[in-house]
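Everything on this sheet refers to the single structure shown next.
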Amino acid sequence: MTLDQVVPGSAVIIEQVGGARSFRRRLMELGLIPGIKVEVLRIAPFGDPLELSVRGCNLSIRAAEAKQVVAKRVEVEPLEAALPASVAASNPPASASAGSARVPSRAWESARPRAVSGLAKSAP
Amino acid sequence: MTADPDLREDLPHNEAAGASAAAADALARTAGLPLLLLVGNPNVGKTSLFNRMARRNERVGNYPGVTVERRTAEMALPGGRRALLADVPGAYSLSARSSEEQIAVQAVLGWADNPRPDLVIVVVDAGQLVRNLYLVLQLIELRVPLLVALNMVDEAGERAPDPRALSDALGVTCVATNARSGAGLDELSRAILERLERARPPRLHVRYPQELLRDADAIADALPEEWRGSVERDRALALWALTSLEPDDELVGIPEALRQRCAQVLERAAARDVDREIIESRYHALEALLPGVVKPPDRPQKAAPSRTERIDRVLLHPAYGFLVFLAIMLVVFQSLFAWADPVMGGIESLFGAVHELCSSLLPAGFFQDLLTKGVIDGVGNVVVFLPQICLLFLFIGLLEDSGYMARVAYLMDRALRSVGLHGRAFVPMMSGFACAVPAIMATRTMERRRDRLLTMLVVPLMSCSARLPVYTLIIGALFPPSRFLGVLPVQGLLMVAMYLFSTCIALIAAAVLGRTVVRGSSVPLILELPPYRWPGLPNVLHLMWLRARAFLSEAGTVILGFTIVMWVLLSYPKLPEPVAPPPAAVPAAAAVPSTASDPSEPQQSGARAAALEYSFGGRLGKTLEPALAPLGFDWKIGVGIVGAFAAREVFVSTIGMVYGLGDMGDDDAPLRERMRAEMRRDGRPAYTPLVGLSLMVFFALACQCMSTLAVVRRETRSWRWPAFLFAYMTALAWGTSFLVYQGGRLLGF
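Line by line, the protein sequences are chains D and X.
The letter at position 87 of the first sequence is residue 87 when you use this note's numbering, and the numbering goes up by one with no holes.
Every position in the second sequence, counted from 1, becomes a number in this note's numbering once 1000 is added.
Here it is as structure tokens:
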């Protein structure tokens, strides 16, 4: 799913950041990189923009850009239990990798699936 | 998405301002003062720290080439030494796309006429460590002499990093500070001195993928000779170029060869995701360093909602969040509209009294007039804006400092974006209902020049309080106090209609200008909603004072000059003695006996009317008559319009003078009578309700305000934009009044 489809109040893990190059770069520089946990806090009164919590920092981006960010579900919040079955079905819970199901809020603990970070060579 | 040529073209206008900032630094340099730069993410307390450290000779200039404020001040170091401290606009990263974003990298590296800093102090929010360290990491890679001020450690609580461990991990001295309380500042000063005397090699090293390093080296080969330094620095610059340069960026001073090389490398690496490689590698390096710096939590707690989150649940709630928003905005608006009024009245009477005093002390003549009607009235015209400016910046300071201003942008983004305005344009637009001068100054809360410019160009269309006396006069004189459909008062409805009309036109103008004159890509929004904090009153008051000072010294001089020009226009040439009754005034004066209240006044008032008619302003009004006739205006209204350039409400007194009425004070009843009785040469009434409507529309849309033009000049540092503002608003006013008047006539009114 994409970030604009996330039910406010639930958390997801970023899989891919898309969009115009400069926007995408800025978003990643703010720490929204693949593997990080993001919570969609709420949507503004006129239906746009949305508010995210990334690494303990609150950011706001518009739905049009949120559409370009691909994410996957991490945990099922009580809120979602009330959703119609069709919505729940279209958003299957995060893949069976149990390690990533509970993602701590601490940035350095971010349970990044190893497969994603093929480029990362810094961590000893 | 195209880079706006206008934005680049503007640069030559700005050079003077930039040169003065550089000159101030140069002066300090000759005194042997080292230059310290204060950089950091937005909302980390950088400004508070600057205010704490700055001791004297504070100057507000501009960065070379852009209208972005550059504050400098001297600070004291241990051992009686001093340094020059300069503030750099908040940035999350050094990579840049616009000329505003480019400031940080230019200031840090000493490019583009910026003096090269001796030390860069990065202010880091201890509660947002990783994101803040991203900027530190970029500076380390560029091998810039660095010092970290670890701010808001107390706020970070358990998550607070250990400064010593962080110093060791980064190879950069880190000092814990609290900009609000001033704690840690002595230690920071000592560290600055130590760091100025002895370099310290940084330690942090990012492991980039091999392919990326090859790309970086290929780009480093294309760097111009004067940019080159150590291998590490060249590589860092290459990475900067790789992430920043795009075919349509708005960066200035980038060599073409470098652009081409970057484009080639990006094309070669099209299959890879270069931006992600760079950014991810950096974040990995930072995350790897954290466990040694921050104490891991004792227990994996399910974090309770933070204080900020609890407040946001109310303030950003779809229903009551909006109510709170409206209530806050109402207070701001009410303060500008009503609370500032008594102070402004007091300032006006004070300057009126000084005017009278000088008139009675000095012999009548040119110098008395120059001093009283030119200089004293001119200074009064400037000072009278201070209450509103101070109030508005007090509120803006409180809103910014508390973190609510970002929420205003968040709440209003959807509504204002549809006409191309930034969410932060709401406060300036709303303030425009009170007065355009503080409102235009308030556009500074927007970072992008394009957003600022667009807001500045439409704010003067909002119906400001100076238009109110004009509307009141016209509505009172020409529209009956009857009720529409038996219930709604016609006069009240008209007043409301004028406000709605001006707001709609302003929004339409924003939509049109945003697509034509101030084009520029609509940038996707990334808005940080910072944690709520208690505003620091000393900071807020200090910034308010800086704004007021800048207005007085820069816009004030222009307003003073305009006042003197207006005085000359409306008083010269003097009538030749003895007073010969000017032919045009005779029929009007003969047709209706003057209604001035004081029986001894008429002759004097008549002479004043004749003098006004004989002046440049009077002649200008007559010259303009052919242009104003299609709008239903005669030359007397023309004189009123010329006089109203000083300030819109002056229309009422100028037109009173044209009709030979005495000093009316606050009561415009005689003038209303006079307007109703005024006839044209052909015997038809000069003022019909249609003429009244046309005149109100003209006043709603025309830029009849020299102070607005002066403050736009101050904010844009060029005469081009005020000239454009005046031209487009006058054309808009003329065209719309023409449609109203001629359309109304066709419909038989």
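In this text, a Cβ means the ideal position worked out from N, Cα and C, and glycines have one as well.
As the structure is a prediction and not an experimental result, all values here were calculated from the model.
Among the options, which has the Cα closest to the Cα of residue i?
i	options	result
Val1379 of chain X	X:Gly1683, X:Pro1201, X:Arg1717, X:Ala1646	X:Ala1646
Ser1099 of chain X	X:Leu1223, X:Ser1244, X:Ser1230	X:Ser1244
Gln1138 of chain X	X:Leu1094, X:Leu1150, X:Ala1160	X:Leu1094
Ala1700 of chain X	X:Thr1503, X:Pro1224, X:Arg1720	X:Thr1503
Leu1386 of chain X	X:Lys1373, X:Leu1421, X:Leu1361, X:Ala1340	X:Ala1340
Asp1234 of chain X	X:Leu1142, X:Ile1279, X:Gly1110, X:Val1343	X:Leu1142
Phe1501 of chain X	X:Asp1168, X:Gln1128, X:Thr1736	X:Thr1736
Pro1034 of chain X	X:Arg1261, X:Glu1211, X:His1355, X:Asp1118	X:Asp1118
Leu1109 of chain X	X:Gly1079, X:Arg1097, X:Ile1140	X:Ile1140
Leu1695 of chain X	X:Ser1335, X:Ala1112, X:Ile1278, X:Ile1474	X:Ile1474
Ala1733 of chain X	X:Leu1461, X:Glu1715, X:Gly1617	X:Leu1461
Look at the alpha carbon of residue i and the alpha carbon of residue j, and state the distance between them as a whole number of angstroms.
i	j	result
Phe1724 of chain X	Ala1509 of chain X	13 Å
Ala1731 of chain X	Val1252 of chain X	34 Å
Pro1089 of chain X	Tyr1063 of chain X	10 Å
Ala1236 of chain X	Leu1289 of chain X	20 Å
Met1152 of chain X	Asp1312 of chain X	21 Å
Phe1325 of chain X	Pro1318 of chain X	11 Å
Ala1442 of chain X	Phe1393 of chain X	7 Å
Leu1552 of chain X	Thr1708 of chain X	14 Å
Glu1155 of chain X	Ile1121 of chain X	20 Å
Tyr1741 of chain X	Val1517 of chain X	29 Å
Pro34 of chain D	Leu1537 of chain X	41 Å
Leu1493 of chain X	Leu1468 of chain X	14 Å
Ala1629 of chain X	Pro1576 of chain X	29 Å
Ala1686 of chain X	Leu1671 of chain X	14 Å
His997 of chain X	Leu59 of chain D	Nothing about residue 997 of chain X can be reported from this structure: the residues present for chain X run from 1001 to 1749 only.
Val1383 of chain X	Leu1037 of chain X	34 Å
Met1 of chain D	Pro49 of chain D	18 Å
Pro1201 of chain X	Glu1232 of chain X	12 Å
Leu83 of chain D	Val74 of chain D	Reliability fails at Leu83 of chain D, whose pLDDT of 46 lies under 50, so the model's placement of it is uncertain and no value is given.
Gly1748 of chain X	Leu1690 of chain X	10 Å
Met1498 of chain X	Met1429 of chain X	16 Å
Cys1435 of chain X	Met1329 of chain X	15 Å
In the DSSP assignment, what are the bridge partners of residue i?
i	result
Pro1750 of chain X	There is no way to answer for residue 1750 of chain X, as the model of chain X reaches only from 1001 to 1749.
Phe1177 of chain X	Correcting the residue type first, residue 1177 of chain X is Thr in the shown sequence and not Phe. X:Asn1151.
Gln16 of chain D	D:Val70
Thr1072 of chain X	X:Arg1059, X:Ala1086
Arg1483 of chain X	X:Pro1489
Met1679 of chain X	X:Pro1685
Arg1214 of chain X	Arg1214 of chain X is not bridged to any residue.
Arg42 of chain D	D:Glu51
Lys37 of chain D	D:Ile13
Cys57 of chain D	D:Val54
Thr2 of chain D	D:Val70
Ile1526 of chain X	D:Ile61
Leu1035 of chain X	X:Leu1084
Report the three-state DSSP secondary structure of residue i (helix, strand or coil).
i	result
Pro1531 of chain X	coil
Ile1655 of chain X	helix
Glu1100 of chain X	helix
Gly1040 of chain X	strand
Leu1146 of chain X	strand
Asp1186 of chain X	helix
Val1123 of chain X	strand
Ile1508 of chain X	helix
Leu1362 of chain X	coil
Gln1704 of chain X	coil
Drop a sphere of 10 angstroms on the beta-carbon of residue i, count the other beta-carbons inside from all chains shown, and report buried for 16 or more, exposed for fewer.
i	result
His1205 of chain X	exposed
Phe1367 of chain X	exposed
Gly47 of chain D	exposed
Val1123 of chain X	buried
Trp971 of chain X	Residue 971 of chain X lies beyond the residue range present for chain X, which begins at 1001 and ends at 1749; the question has no answer from this structure.
Arg1203 of chain X	exposed
Ser1402 of chain X	buried
Tyr1659 of chain X	buried
Leu1049 of chain X	buried
Phe1484 of chain X	exposed
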